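Step one of this worksheet: look at the structure below.
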Amino acid sequence: MPDLHWTIPVARWSSWPAAASAAPDIGFIEPIVRRRLSTLSKVALKVAHDCVTQDEVRVVFASRHGELRRTTDILRTISAGEPVSPTAFSLSVLNAMTGVFGIARGDRSAASAISAGAETLGYALLEAYAQYATQPGSPVLLVYADEPADPAYGTIEDEVQGGAIAILLNGEAAAGQLVCTTSGAGGPEPEAGQEASRAGRESADESFATQSQALLHCLETGGPAVWQGAGAAWHWRWHERAA
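Each residue of the sequence shown is one higher than the one before, counting from 794 in our numbering.
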């Protein structure tokens, strides 16, 4: 892949850990809808709600597996010769969360969904930036939520950690900037000065097993982080907004 570099204005961000023992509070969703939602959708809606302060916001939802566990349950139901719940089917699509979120808020803004394997979060950040750059006056909400696949699928390479992250892109209210960089394997060799600079940067960036772990480290500590896999290195750095 080509080397890419872009900067995201972060107004707010929120996260929900996969290991959380308590269920997320999504009281803004009607009880009749709330009780039908999966854990994945609940944590996604929680972090999304924490970040939104305006009436309208474009949404980019990202998940490697999406509602795979719900889909797997549907397949097991079919295999057992039992009827499938229409509600379960309608909520099994990748972008189920965006529909529920838009209906709850009465927001008809555009929403999109992304799944790109182990690089899902990285490409979602790129998509959110691209949408924001085309219309900077309209905020964009990035929501990433995932959970490990059902054991029936066996070992998954570069499996997700689980949990959720939301980032609101809004330059007018930015608290800081998230600098994103990707470098692909097999690309052109850097010049001597660039090579030394890159080597120093990579040695300083702490490496993580998943993209979500790397991004959270960057947001929580302000320290640089990197994830390497699928023939590419993804770097994230945080810069506080100048006073």
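In this text, a Cβ means the ideal position worked out from N, Cα and C, and glycines have one as well.
All figures in this text were calculated on a predicted structure; none of them were measured in a lab.
On the premise that residue j lies in contact with residue i, defined as a C-beta separation below 8 Å, what is that separation, rounded to the nearest angstrom?
i, j, result
"L961", "Y937", "Not really, about 13 Å apart at Cβ, beyond 8 Å."
"A841", "A959", "5 Å"
"A957", "A855", "Actually they do not touch by this definition, with Cβ atoms about 10 Å apart."
"P795", "G910", "Not confirmed; about 18 Å, so no contact."
"R863", "S831", "5 Å"
"A1025", "T975", "6 Å"
"L861", "A942", "6 Å"
"A904", "V852", "4 Å"
"S808", "L1009", "6 Å"
"S1005", "Q954", "6 Å"
"P929", "G964", "6 Å"
"S834", "V893", "7 Å"
"W1027", "T1003", "11 Å between Cβ atoms; not a contact."
Give the range of the alpha helix (DSSP H) segment to which residue i is assigned.
i, result
"Y937", "Premise fails: Y937 lies in the beta strand (DSSP E), V933 to D939, not in any alpha helix (DSSP H)."
"R901", "Counting along the chain, R901 falls outside any alpha helix (DSSP H), and DSSP gives it neither H nor E."
"Q954", "Element bounds for Q954: n/a, residue is neither H nor E."
"E1013", "Q1004 to T1014"
"E920", "T913 to T927"
With a threshold of 16 other CB atoms inside 10 Å of the CB of residue i, please say whether the residue is buried or exposed.
i, result
"A992", "Caution applies to A992, whose pLDDT of 41 falls short of 50 and renders its modelled position unreliable; the model cannot decide the point."
"V850", "buried"
"G947", "exposed"
"E940", "buried"
"T880", "exposed"
"H798", "exposed"
"R857", "buried"
"I801", "buried"
"A873", "exposed"
"P1017", "buried"
"G899", "exposed"
"A815", "exposed"
"R828", "exposed"
"Q847", "exposed"
"E988", "With a pLDDT of only 39 at E988, under the threshold of 50, the placement of this residue in the model should not be trusted, and no figure is reported."
"W1029", "buried"
"F821", "exposed"
"D998", "buried"
"P932", "buried"
"A968", "exposed"
"G1015", "exposed"
"E875", "exposed"
"A945", "exposed"
"E912", "buried"
What residues match up with residue i in a beta bridge as DSSP calls it?
i, result
"A959", "S807 and V936"
"V972", "T800 and R1030"
"G1022", "A1025"
"G977", "A1025"
"E999", "A1018"
Could you give the residue range of the beta strand (DSSP E) that holds residue i?
i, result
"A906", "A904 to I907"
Using only the heavy atoms of the ligand MN, determine whether one of them is closer than 7 Å to the beta carbon of residue i.
i, result
"T948", "Among the ligands in the structure shown, none appear at all, so the ligand MN cannot be discussed."
Which complete beta strand (DSSP E) runs does the segment 810–864 hold, if anything under 3 residues is left out? Listed in chain order, the complete beta strand (DSSP E) runs (minimum 3 residues) inside the segment 810–864 are 851–855.
List, from N- to C-terminal side, the alpha helix (DSSP H) runs of 4 residues or more that fit wholly inside the segment 869–901. For the segment 869–901, whole alpha helix (DSSP H) runs of length 4 or above, ordered along the chain, are 879–883 and 889–898.
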